[in-house]
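Asker:
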Amino acid sequence: MNTTVNKSQLSGWGGYRPIECRVAAPASRSALRQMVADRQSHPRLLMRGLGRSYGDSAVEPTGTVLLQNNLNRVRSFDHATGLLRCEAGVTLEDIIHVVLPHGWFLPTTPGTKFVTLGGAIAADVHGKNHHVDGTFGRWVQRLNLLLADGSECECSPLEHPELFWATIGGMGLTGVIVEAELQLRRCPSAYYHVSYRRCRNLDATLEVLAETDNSFTYSVGWIDCLGRGDRLGRSILMLGNDAQAGDLSGELRDHPFHVPPTRRKRVPLYFPNFALNRLSVSAFNYLYYAVHPDREVVVDYDSYFYPLDGIHDWNRIYGRRGFVQYQALFPQATAERGLRRALETLAAFGLASFLAVIKRSGPANPAPLSYLFDGYTLALDIPNVGPRMLEMARQLDDILLAEGGRLYLAKDSLMSPDTFRAMYPRLGQFLSVKRSVDPDNRFTSAQARRVGLLPSS
Amino acid sequence: MRQTYLILGATSGIAKAIARALARHGHDLILAGRSAEEVALSAADLEARFQIRARPLEFDATRADHVLGVLAAAMECNDGDLPEGVVLAYGVMFPQSESEANLECLAQTIEVNFGSAARVLQAFGSAFAQRGSGVIVGISSVAGDRGRGSNYHYGASKAALTVFLDGMRHRLRASGVHVCTVLPGFVATPMTYGIVDPASPLCAQPEQVARDVLKAIDRKRGRVYTIWWWRWIMTVIRHLPEAVFLRTNL
Ligand SMILES: Cc1cc2nc3c(=O)[nH]c(=O)nc-3n(C[C@H](O)[C@H](O)[C@H](O)COP(=O)(O)OP(=O)(O)OC[C@H]3O[C@@H](n4cnc5c(N)ncnc54)[C@H](O)[C@@H]3O)c2cc1C
Ligand SMILES: NC(=O)c1ccc[n+]([C@@H]2O[C@H](COP(=O)([O-])OP(=O)(O)OC[C@H]3O[C@@H](n4cnc5c(N)ncnc54)[C@H](OP(=O)(O)O)[C@@H]3O)[C@@H](O)[C@H]2O)c1
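Line by line, the protein sequences give chains A and B. Heads up: the first sequence is residues 4 to 460, going by this note's numbering. Heads up: the second sequence is residues 127 to 376, going by this note's numbering.
Below is the structure:
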């Protein structure tokens, strides 16, 4: 049985501070079980998906990192009910290929389809429809886990609910997600109506986002991080709804779940941040005025949900030193003030990508480490320029802490233990589950140790 | 046309990719492998993805009863009919030094990669010839093209397999049976994990090997190097004068 361990440099998607890890790719379910059971050879373990978390969530130099590229089988898919069961190594791209032809889609999706089901559950990822549909974890019906003592355990919101919810958003620290059952969403086609709204400042942006909460399933916006004064927080919102087959033109109408290859990537709904970094304000102005107000377009799911996926390895554009991603969640009640202060800081430093993504978030769920609650998130890339990057992140952290906001583990590379503890008040609830299923902290990550979620050594 | 293919060693990295490619074309499959659990997982996966029929079959090449009984067992999985084709994809590769120190490994290499394979292939070859049609695909290796100090136990077993497949193609040429010798170079699978960098340009992905195999079936090609340029690399290696070759550390 192949349980070969290989040394290799690992980092997150941001390429920030790669470090040598012992990495294995169990070839079968039984190889995986054997490695988890073998405490002697693998005292510490961490699962890794496609490494799309930005920081050190899927990195662990003091243990064995397990890849799941051989553990990616679909177990069953019920075309009538949209219930899908698969191994955690299946990618979201794969799932779409399996289910879309039958009129189903992911219940919610992050901005890339190159993530595993395991990674999506472990980070409890969210999409542009959080305010309507909640996080990914809400749609998970059942999990099969492999625990630190080598035992297998099935859990659901009704069976072992504490373990279930600790695993949703639990960043791989409760054990291995081996299989999951996911409730998919019916979709009328593979296309989306998108309407653009230009908002001249932060007030307008928040107003439109709040106003359209009920009329659009998906919402996301680009916000200009360099605009100051009365332009502070100006944005272009892209609000979406499912397109009905009847809304499609010509031949698409007869094959509403099919996206002809030539149609892909033709609609540059976003420009990737980096392409705009250097072009600065004029580029935003160009976009801002080029996008006709209230323009409506119909685009395929790839163009709407995964604009960056067409550009391979775009993360390398930031060079060898990498970058960090910063996603800040501001609570609804004081979001306006928090966002204003954050945007002022960003404009003053002039370091970050000059565009940030703004999204609306809905109520929190029972998962103690799940990221989102009611409010707004702002996400941006910050190239690793050393001390000035650290200083800016520290100032942003202070604003976020003062506002009762929160950082996202799946994107974080820098958070300190104090900050983490303040931002995640339900940590105690998570740790009590952790102690019961993994008292020796076999499942660990560089991030968990850095933020003080687990002991640092 | 919807046909049935038997895949021996169905849980191998290369076989999984070939199985997917065949299923994508609408073919039914019989998946034979030594781990019942893995084979069942693969069968369910292919059925859910491609709406084909995939039947599991327990097969361990070190068990004489499995080797001798595989043709009958495959027919049983296929409603009593001979499958249209067979893909032989199982194999073992021990590190050369381990195989030198432990002759049991050497014996297993020869038995699994060649001894069992030859018996299985002959059984299907004869049955296909009698029917007057069929496809036999054997996954050999470029390692069989010249004995190299770093890997000659494995290489010898693959050389024997290559000769066997080539000979059978010759023999069955007039019977309507297509025999294909597949010669992969490095492929990113569990066999080479930790030995070859999967991102290296020398290393193929299993999906590419599968594409080449399906094309070879389609075009009835006899010998297929995958990636194609291995043919030229191996031509050079085969023709290196012995005196030069011995000084290399291949
Ligand atoms: C371009 C881009 C856009 C993104 N957009 C969004 C977005 O809109 N919303 C959002 O929420 N996120 C977003 N992300 C982040 C991404 O969705 C998450 O980081 C996700 O977890 C990555 O999945 P992965 O398979 O790459 O997992 P990895 O990054 O490899 O691992 C992430 C975590 O999951 C754990 N894990 C993986 N598999 C298992 C398993 N089988 N069992 C237990 N634990 C496991 C790992 O231990 C680790 O803690 C984006 C990332 C990128 C690169
Ligand atoms: N990877 C390469 O670079 C490369 C290059 C040239 C040729 N090849 C050849 O390609 C074929 C497929 O290999 P791979 O690369 O896909 O590697 P792999 O994933 O390691 O596959 C090898 C397969 O052989 C099976 N096997 C081993 N002993 C067996 C036995 N006694 N009975 C039944 N099955 C047995 C294994 O079964 P389990 O799953 O149960 O372990 C495994 O599925 C092999 O013949 C190999 O020699 C590979």
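We treat Cβ as the ideally placed atom computed from N, Cα and C, and that holds for glycine.
Can you tell me whether A/R363 is helix, strand or coil according to DSSP?
Answerer: As a working mapping, residue 363 of chain A is identified with position 360 in the first sequence. Three-state DSSP puts A/R363 in a strand.
Asker: Take the Cβ of B/W355 as the centre, count every other Cβ of all protein chains shown within 10 Å, and call the residue buried at 16 or more, exposed below.
Answerer: Residue 355 of chain B sits at position 229 when you count from the first residue of the second sequence. Its Cβ having fewer than 16 others within 10 Å, B/W355 is exposed.
Asker: Rank B/T361, B/H153 and B/A147 by C-alpha distance to the C-alpha of B/M127 and give the top, closest one.
Answerer: Within the second sequence, the letter at position 1 stands for residue 127 of chain B. Nearest of B/T361, B/H153 and B/A147 to B/M127, Cα basis: B/H153.
Asker: Output yes if chain A places a C-beta closer than 9 Å to the C-beta of B/Y216; else output no.
Answerer: What you label residue 216 of chain B is simply residue 90 of the second sequence in a count that begins at 1. No - not a single Cβ of chain A is within 9 Å of the one on B/Y216.
Asker: Can you pull the chain A residues whose beta carbon is under 8 Å from the beta carbon of B/A170, in chain order?
Answerer: The residue you call residue 170 of chain B lines up with position 44 of the second sequence. Neighbours of B/A170 on chain A, chain order: R76, V77, R78 and S79.
Asker: Just verifying my parser: in three-state terms, what is the DSSP assignment at A/S306?
Answerer: Translated into positions along the first sequence, residue 306 of chain A becomes position 303. It is helical.
Asker: Can you find a C-beta in chain A that's less than 9 Å from the C-beta of B/P316?
Answerer: Counting from one through the second sequence, the residue named residue 316 of chain B turns up at place 190. True, the Cβ-Cβ gap to chain A drops below 9 Å.
Asker: By the 10 Å Cβ neighbour count, where 16 or more other Cβ atoms means buried, how is B/L372 classified, buried or exposed?
Answerer: Against the second sequence, residue 372 of chain B aligns to sequence position 246. Its Cβ having fewer than 16 others within 10 Å, B/L372 is exposed.
Asker: List the residues that DSSP assigns as beta-bridge partners of A/L48.
Answerer: Along the first sequence, one-based indexing puts residue 48 of chain A at 45. Note: A/L48 sits in a beta bridge opposite A/T67 and A/F446.
Asker: Does the CB of B/T137 have a neighbour CB from chain A at under 9 Å?
Answerer: Mapped onto the second sequence, residue 137 of chain B falls at position 11. It does; some Cβ of chain A falls within 9 Å.
Asker: Kindly confirm or deny that the stretch 334-351 of chain A and the stretch 232-243 of chain A touch, where touching means at least three C-beta pairs closer than 8 Å.
Answerer: The stretch 334-351 of chain A is in contact with the stretch 232-243 of chain A.
Asker: For A/V388, does the count of other Cβ atoms within 10 angstroms reach 16, so buried, or fall short, so exposed?
Answerer: Position 385 of the first sequence, counted from the first residue, corresponds to residue 388 of chain A. Answer is exposed; the Cβ neighbour count stays below 16.
Asker: Just checking, does the stretch 276-295 of chain B make contact with the stretch 321-341 of chain B on the three C-beta pairs under 8 Å criterion?
Answerer: Verdict: no, contact absent.
Asker: Tell me the rounded alpha-carbon separation between A/V62 and B/Q177.
Answerer: For the purposes of this step, residue 62 of chain A is identified with residue 59 of the first sequence, where counting begins at 1. For the purposes of this step, residue 177 of chain B is identified with residue 51 of the second sequence, where counting begins at 1. If you take the alpha carbons of A/V62 and B/Q177, they lie about 38 Å apart.
Asker: Considering only the alpha carbon of each residue, which of B/T318, B/A147 and B/L376 lies closest to B/P336?
Answerer: Position 210 of the second sequence holds residue 336 of chain B. The sequence as given places Ala at residue 336 of chain B; Pro does not occur at that position. Checked all of B/T318, B/A147 and B/L376; the closest Cα to B/A336 is B/A147.
Asker: Excluding the 5 residues preceding and the 5 following A/V128 in the sequence, name in chain order all residues of the same chain whose CB lies nearer than 6 Å to its CB.
Answerer: Position 125 of the first sequence, counting from 1, holds the residue named residue 128 of chain A. Taken in chain order, the residues that qualify are P113 and F139.
Asker: Taking 9 Å as the CB-CB cut-off, is A/S2 touching chain B?
Answerer: Only positions 4 to 460 of chain A appear in the structure, and residue 2 of chain A is not among them; the question remains open.
Asker: Short check: CB of A/Y199 to CB of A/D245, under 9 Å?
Answerer: As a working note, residue 199 of chain A is residue 196 in the first sequence. As a working note, residue 245 of chain A is residue 242 in the first sequence. No; because the gap between Cβ atoms is not below 9 Å, this pair is not in contact.
Asker: Does chain B have any CB closer than 9 Å to the CB of A/V8?
Answerer: The sequence position of residue 8 of chain A within the first sequence is 5, counting from 1. Judged by the 9 Å Cβ criterion, A/V8 is in contact with chain B.
Asker: Rounding to the nearest angstrom, what Cα-Cα distance links A/S222 and A/V440 in this structure?
Answerer: Taking the first residue of the first sequence as 1, we reach residue 222 of chain A at position 219. Taking the first residue of the first sequence as 1, we reach residue 440 of chain A at position 437. The alpha-carbon atoms of A/S222 and A/V440 are separated by roughly 38 Å.
Asker: Under a three-way DSSP split, which group does B/I353 fall into?
Answerer: As a first step, residue 353 of chain B must be located in the second sequence, where it is residue number 227. B/I353 falls in the coil class under three-state DSSP.
Asker: Just to check, is the beta-carbon of B/T137 closer than 8 Å to a non-hydrogen atom of ligand 2?
Answerer: Counted from its first residue, the second sequence places residue 137 of chain B at position 11. Yes, since a heavy atom of ligand 2 falls inside the 8 Å radius drawn around the Cβ of B/T137.
Asker: Just curious, the beta strand (DSSP E) that B/G260 is in, first and last residue?
Answerer: Position 134 of the second sequence, counted from the start, is the residue given in the question as residue 260 of chain B. G260 to I265 is the extent of the beta strand (DSSP E) around B/G260.
Asker: With a threshold of 9 Å between beta-carbons, can A/S31 be considered close to chain B, or not?
Answerer: Indexing the first sequence from 1 puts residue 31 of chain A at position 28. Closer than 9 Å to some Cβ of chain B, the Cβ of A/S31 qualifies, so yes.
Asker: At a Cβ threshold of 9 Å, is B/R274 touching chain A?
Answerer: For the purposes of this step, residue 274 of chain B is taken as the residue at position 148 of the second sequence. Not an interface residue.
Asker: Just curious, the beta strand (DSSP E) that B/G211 is in, first and last residue?
Answerer: The residue labelled residue 211 of chain B in the question sits at position 85 within the second sequence. Where B/G211 is concerned, the enclosing beta strand (DSSP E) stretches over G211 to L214.
Asker: Apart from the five residues on each side of it in sequence, which residues of its chain come closer than 7 Å, Cβ to Cβ, to A/G121?
Answerer: Taking the first sequence and counting its residues from 1, the one referred to as residue 121 of chain A is at position 118. Around A/G121: M50, G52, Q71, A91, G92 and I180.
Asker: Check this for me: beta carbons of A/W107 and A/R188, under 9 Å apart or not?
Answerer: Locating residue 107 of chain A in the first sequence gives position 104, where the first residue counts as 1. Locating residue 188 of chain A in the first sequence gives position 185, where the first residue counts as 1. Their beta carbons are under 9 Å apart, which means A/W107 touches A/R188 by this criterion.
Asker: When the Cα atoms are used, what is the spatial distance from B/R334 to B/P316?
Answerer: Taking the first residue of the second sequence as 1, we reach residue 334 of chain B at position 208. Taking the first residue of the second sequence as 1, we reach residue 316 of chain B at position 190. Per the sequence presented here, residue 334 of chain B reads as Gln, with Arg not at that position. Near 16 Å, if we compare the C-alpha coordinates of B/P316 and B/Q334.
Asker: Taking the straight line between their C-alpha atoms, what separation do you get for B/S359 and B/L291?
Answerer: As a working note, residue 359 of chain B is residue 233 in the second sequence. As a working note, residue 291 of chain B is residue 165 in the second sequence. The displayed chain sequence assigns Ile, not Ser, to residue 359 of chain B. Cα-Cα distance, rounded: 21 Å.
Asker: Counting contacts by CB-CB distance shorter than 9 Å, is B/R347 in contact with chain A?
Answerer: For the purposes of this step, residue 347 of chain B is identified with residue 221 of the second sequence, where counting begins at 1. Not closer than 9 Å to any Cβ of chain A, the Cβ of B/R347 fails to qualify, so no.
Asker: With a threshold of 9 Å between beta carbons, is B/S161 in contact with chain A?
Answerer: One-based indexing of the second sequence puts residue 161 of chain B at position 35. Chain A contact via Cβ: present.
Asker: What does a CB cutoff of less than 7 Å around A/P104 pick up in its chain, not counting 5 residues either side in sequence?
Answerer: The sequence position of residue 104 of chain A within the first sequence is 101, counting from 1. So the qualifying residues of the chain are F260.
Asker: Under 9 Å, Cβ to Cβ, is there at least one residue of chain A near B/A145?
Answerer: For this step, residue 145 of chain B is matched to residue 19 along the second sequence. Output row for B/A145: interface = no.
Asker: Which full runs of the beta strand (DSSP E) of 3+ residues lie inside the stretch 162-193 of chain A, going along the chain?
Answerer: If we require 3 residues or more, the beta strand (DSSP E) runs fully inside the stretch 162-193 of chain A come out as 179-186.
Asker: Would you say A/A151 faces chain B, with C-beta separation under 9 Å as the test?
Answerer: Translated into the one-based positions of the first sequence, residue 151 of chain A becomes position 148. Output row for A/A151: interface = no.
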